[in-house]
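Residue numbers (our numbering), protein chains in the order written: chain A, 503 to 839; chain B, 503 to 839; chain C, 503 to 839; chain D, 503 to 839.
Even glycine gets a Cβ: it sits at the ideal position worked out from N, Cα and C.
One structure is given below, encoded as structure tokens.
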């Protein structure tokens with residue numbers, strides 16, 4: 503159950519309100535985000551909002567029967583839009599394209615890709631500085647130095663950036679350079695990391711776990727929200743199945759279902775989703791038609807020479823064609839909605 | 503390796519040719535379909551087409567490195583189109599819509615749906631007369647009587663029909679009434695059934711197994727083709743995963759990958775694919791954008807009262823909206839191709 | 503709900519009884535097996551046995567809440583034992599070993615293996631005459647001729663045999679030669695085949711589907727039982743997962759859970775279960791400790807030369823060691839039970 | 503490729519050796535553990551050990567073709583034994599039992615369980631102080647305070663303890679109290695955490711990811727080893743499948759295969775593995791017979807009242823019976839080996 507609190511409520515009155523709720527036998531968790539204060543009420547009997555609705559200081563109460571609360575669409579009718587500033591948004595009805603290399607490799611690479619994106623009206627650049635790799639002997643990314651290089655190159659072209667964070671201790675030094683923190687599939691249930699990202703006022707793109715259920719993804723998003731950060735983007739990036747013909751199995755079903763369950767924007771990552779270059783376009787477009795608010799795609803001037811993920815990375819020509827088709831579908835979606 | 507034979511080649515010369523191929527240490531399987539004769543050559547060393555190419559009676563030789571041969575796109579450049587007569591086709595670039603109830607329930611139901619489809623320019627009606635059910639105590643379909651009722655009602659409206667066959671012994675009596683035989687997910691590897699359908703000159707729609715790989719699906723299609731029937735349609739209908747939020751997980755990736763691996767048309771079944779009525783439309787459209795040649799969808803005048811699959815069946819209004827959007831995407835695909 | 507009928511009940515009284523049950527709003531299915539007559543009652547309200555218990559001709563009524571009925575342990579306290587004659591049984595507390603080649607290859611092979619088994623006190627020989635193969639160009643088995651050769655060779659050593667049946671039309675000609683019909687993983691939901699095997703008075707070993715749930719396996723077993731055959735053995739043979747280090751993933755959990763849900767005996771197939779020769783022994787023993795009533799294992803005099811499944815087949819020395827350990831565990835189980 | 507270095511080699515000579523290896527075109531990673539120094543050599547051409555074997559300072563070279571190196575059995579013939587002191591070991595041929603509650607709940611609970619374990623000659627107690635929970639509103643464990651209480655209660659009975667660590671920043675304060683750090687399934691690929699645990703001289707029990715492959719598990723273990731800690735225990739704890747009859751699917755196959763691939767000890771967690779109390783015993787025993795070096799099992803004086811995992815926790819009587827049977831199998835394994 504979600505209790506919205508009157509804005510004017512003083513600290514003492516809030517303390518009393520929480521006490522009254524607990525006296526009713528519930529557990530009460532106070533959540534303070536960038537936007538509002540809430541009390542999340544859990545325990546038995548939370549189906550009945552009447553017990554709490556009349557308490558002093560309560561502006562509204564919503565019974566949420568999901569195992570997650572604040573990220574549920576059961577209480578928030580309006581969809582969440584993420585505003586990155588300078589007119590760049592995610593979740594406002596247009597398709598946000600986020601494109602760039604798997605790994606940041608050097609200043610020339612960053613500049614070349616950033617220019618390409620700017621020319622093609624793509625506002626958000628992706629790129630990894632800290633790379634999670636299955637083997638300790640694989641290239642682990644250019645680190646903080648790479649991140650700064652990335653941020654400078656992208657900003658010079660007026661682009662926002664999204665990059666992966668691996669551990670709580672990286673957040674502080676990354677903060678000045680990052681527009682969107684990405685949490686990868688291996689860290690979807692790294693709850694300590696999620697809680698720390700809840701204390702930051704920057705958007706977080708949260709990828710579904712490699713075999714994670716939608717419920718788990720939404721519960722992980724709840725960790726971020728309940729720690730104080732409402733700016734969350736969900737990302738479907740393919741699940742692990744028995745099929746050997748592709749790297750992962752992009753789960754198209756997750757897109758409309760997540761949008762039905764949550765008010766958060768949902769984007770699709772076709773590059774990891776299928777993992778084979780020539781099939782990135784059809785599954786990306788499928789994601790858009792299925793309702794995705796954005797597409798996260800790996801591109802590189804010379805994919806064959808990319809430090810990582812070469813097999814699933816588009817070249818510039820392929821990327822341009824994809825962007826054109828996405829924009830075509832955007833207007834198809836608009837007309838048919 | 504596929505050996506195409508000169509049309510004029512006599513039976514005796516063909517016999518000699520097979521003998522010569524076997525003398526080279528290969529295994530040779532003669533395949534005679536509605537359209538052509540082939541010799542499929544297997545065994546070690548089939549990468550090298552030179553040994554066979556010069557033999558008398560050989561018109562062409564193709565090295566196919568897949569575990570399936572005749573259904574592979576490695577030897578047949580042109581895509582296969584299924585012609586149902588009366589201008590109804592599948593795989594010719596347009597999106598074939600196949601719609602109808604899960605189960606045939608009676609003459610009124612058939613007539614009502616057939617009229618609706620005719621009015622909405624849908625040329626193929628689906629419907630089950632023999633139903634494979636997990637429990638022996640569930641409704642098993644109206645059987646042969648239901649099939650005849652179905653065929654008559656559909657033909658009265660100028661529609662073609664598709665219906666499921668469960669066992670070899672049903673084929674003969676079904677034959678006069680059926681336009682497309684459907685093989686369900688539970689029978690994808692019922693090789694005896696596939697071989698018998700290979701002896702029939704009617705199209706077969708072959709569904710992917712509930713956890714079948716694409717390679718297995720294509721090998722099963724090879725059973726039909728090599729038994730004599732080239733008229734095969736592949737169907738993605740959702741796989742089993744750990745996700746509990748939907749009945750099956752429609753595997754969108756299968757569509758472009760199957761079209762890359764095989765010359766056969768590929769259709770998508772969003773009804774079983776996701777199994778939840780309100781999400782059938784987005785995944786159906788995703789399938790179309792990903793390259794499907796057709797959509798197989800469950801509709802019913804009053805889905806809540808359907809004998810089976812009620813939870814995933816569209817009503818007429820939802821169906822009309824889906825048809826309109828499919829046709830909109832068809833022209834989008836056409837323009838952007 | 504399962505209604506057991508008084509043995510003395512005449513045909514007319516039975517007809518009346520079914521009518522009375524249907525008049526109460528239930529569906530009634532009469533089941534006549536080798537052993538007894540039952541009426542399976544389905545529909546809403548079957549939790550309440552009182553409505554039916556007092557009807558004339560009813561000897562006992564059992565409310566079964568599972569989706570399967572006659573194979574459930576909810577009504578039958580005593581475990582089912584399969585009696586093959588000549589003192590050979592499955593499900594009586596001892597571990598039944600069924601061993602032999604994947605494919606029957608010839609008379610010498612049969613004789614050599616049959617002698618080996620007889621010397622090692624293994625009473626049941628397995629071997630495939632009709633082989634279901636993913637590719638139509640793979641070796642499909644020696645067929646009916648191979649089956650007869652197999653049966654003769656085995657009987658000469660006093661062995662019972664188990665062999666796979668692929669289609670209803672094979673049953674009649676196989677019947678004189680077979681002691682146990684095996685239904686493979688690809689046919690677990692070939693309901694037509696199951697129904698036909700229900701009309702035969704020979705035991706059926708039913709393998710779990712490649713990604714089948716336990717509930718589906720038990721529902722498939724219900725098809726056999728409700729068609730008239732109570733002699734059913736369930737078999738866990740590995741499921742499909744994402745793990746690439748083994749062919750299948752033997753699901754050890756299925757063994758105690760199936761024995762908890764059903765009164766039928768449960769055996770384990772470690773050969774297909776893991777698919778790698780050197781690991782067959784540990785998973786076989788694990789199956790025994792977990793409660794399996796028997797082990798179905800592939801052996802061959804020279805596994806490297808086997809026509810099929812070479813990679814998972816034990817040689818005689820390995821087989822002997824396995825038999826010894828199984829018998830050791832048998833007494834461990836006996837002592838600790 | 504693994505290069506073992508002469509113990510007497512000075513720092514300067516080591517520096518030169520690494521330079522020589524890199525000059526040959528390889529990448530060289532120096533690894534210093536509690537026990538030895540190694541150079542792990544990666545890159546193309548590492549199949550050929552001759553180029554490096556003769557270099558000054560090299561005592562031995564091993565070509566390892568796996569994607570992991572130091573944890574592979576390809577170079578280390580002798581199995582690794584973990585010595586916890588006071589005669590408590592894992593991996594020496596006996597079955598190590600680690601038992602205790604899911605969550606530490608209070609001093610009485612700890613004392614009661616610790617006494618029970620001591621009386622039953624179980625040397626290692628498990629218990630969670632920091633609990634990773636899917637929902638932020640679930641009980642998150644008693645934290646550092648709970649850990650200290652746990653350690654004191656266990657030590658009073660002469661027991662070693664194992665407990666889960668969730669984040670790098672917890673390690674330092676946990677260190678004085680912990681005998682074995684446990685890394686849970688959600689953190690198997692939390693590489694930052696693994697690297698930090700590589701800097702600690704305490705054993706680490708690493709659980710397989712919820713849908714992790716064995717190769718990924720071994721690569722994760724390689725992170726710990728290559729960061730400096732050789733004391734690693736691998737743990738199979740069930741994978742996610744489509745089967746709904748149990749919480750997870752304990753993968754029995756993983757046990758012999760991991761022991762074949764790695765020299766590290768392997769333990770089994772039947773409690774999470776199947777997740778249902780009455781089936782914990784059979785799958786635990788199956789794990790032992792399949793070759794596990796230990797069993798990690800959840801027990802509680804009153805399982806129904808446990809703060810977490812109540813459904814899969816054994817009571818004392820059930821636990822005693824399990825311990826007895828494990829010890830019975832231990833001697834069976836010993837005799838039959």
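- Counting of Cβ neighbours within 10 angstroms places residue 586(C) among the buried residues, the total reaching 16 or more.
- Per DSSP, the beta bridge partners of residue 682(D) are 664(D).
- The residue among 790(B), 750(B) and 768(B) with its C-alpha nearest the C-alpha of residue 813(B) is 750(B).
- Residue 565(A) sits in coil when the DSSP states are folded into three classes, being neither helix nor strand.
- In the DSSP assignment, residue 585(D) falls within the unbroken beta strand (DSSP E) covering 584–587.
- At a cut-off of 8 Å, the C-beta of residue 743(C) has a neighbouring C-beta in chain A.
- In this structure, 826(C) is the residue among 811(C), 819(C) and 826(C) with its C-alpha nearest to the C-alpha of residue 790(C).
- Note that the C-beta distance between residue 767(A) and residue 584(A) is below 8 Å.
- DSSP, reduced to helix, strand and coil, places residue 759(B) within a helical segment of the structure shown.
- Less than 8 Å separates the beta-carbon of residue 601(D) from that of residue 627(D).
- Within the region 757–817 of chain D, the runs of alpha helix (DSSP H) that reach at least 4 residues and sit entirely inside it are, in chain order, 772–776 and 779–791.
- Looking at the backbone, the Cα of residue 559(A) and that of residue 607(D) are separated by about 35 Å.
- Residue 569(D) and residue 717(D) have their C-alpha atoms some 8 Å from each other.
- Between residue 734(A) and residue 573(A), the C-beta gap is smaller than 8 Å, which places the two residues in contact.
- The Cβ-Cβ distance between residue 758(C) and residue 786(C) does not fall below 8 Å.
- Under the 8 Å criterion on CB atoms, residue 755(C) is classed as interfacial with respect to chain D.
- Taking C-beta atoms as the reference points, residue 738(C) and residue 756(C) count as a pair closer than 8 Å.
- If only uninterrupted beta strand (DSSP E) runs of at least 3 residues are considered, those enclosed by the region 505–543 of chain A are 529–534.
- Spanning the alpha carbons of residue 538(C) and residue 644(B) requires a straight line of approximately 29 Å.
- Neighbours of residue 746(C) in chain D, taken as residues at a C-beta separation under 7 Å, are given in chain order as 715.
- Contact with chain A is absent for residue 638(B), since none of that chain's Cβ atoms lies less than 8 Å from the residue's Cβ.
- Within chain C, 830, 831 and 834 have C-beta atoms less than 8 Å from the C-beta of residue 834(D), given in sequence order.
- Within the same chain, and ignoring the five residues on either side of residue 695(A) in sequence, the residues whose Cβ sits closer than 6 Å to its Cβ are 670 and 689.
- Cβ neighbours of residue 561(C) within its own chain (closer than 8 Å, five residues either side excluded): 506, 507, 508 and 509.
- Residues of chain C with a Cβ closer than 9 Å to the Cβ of residue 671(B) are, in chain order, 670, 671 and 694.
- A direct Cα-Cα distance of roughly 11 Å separates residue 721(A) from residue 708(A).
- A distance below 8 Å separates the beta carbons of residue 762(D) and residue 575(D).
- The contact set of residue 776(C) on chain D, defined by CB atoms closer than 9 Å, consists of 754, 755, 758 and 759 in chain order.
- Note that the C-beta distance between residue 783(B) and residue 831(B) is not below 8 Å.
- Judged by DSSP in its simplified three-state form, residue 612(B) adopts helix.
- Among the bridge pairs identified by DSSP, residue 741(D) is matched with 751(D).
- For residue 653(C), the enclosing alpha helix (DSSP H) covers residues 645–658.
- If you ignore the 5 residues before and after residue 641(A), its C-beta comes within less than 6 Å of the C-beta of 809, all in its own chain and listed in chain order.
- Straight across, the Cα-Cα distance linking residue 625(C) with residue 619(C) is about 7 Å.
- In terms of beta-carbon proximity, residue 507(C) stays away from the interface with chain B, with every pair separated by 8 Å or more.
- Residue burial annotation: residue 652(A) is buried, with at least 16 other C-beta atoms found within 10 angstroms of its C-beta.
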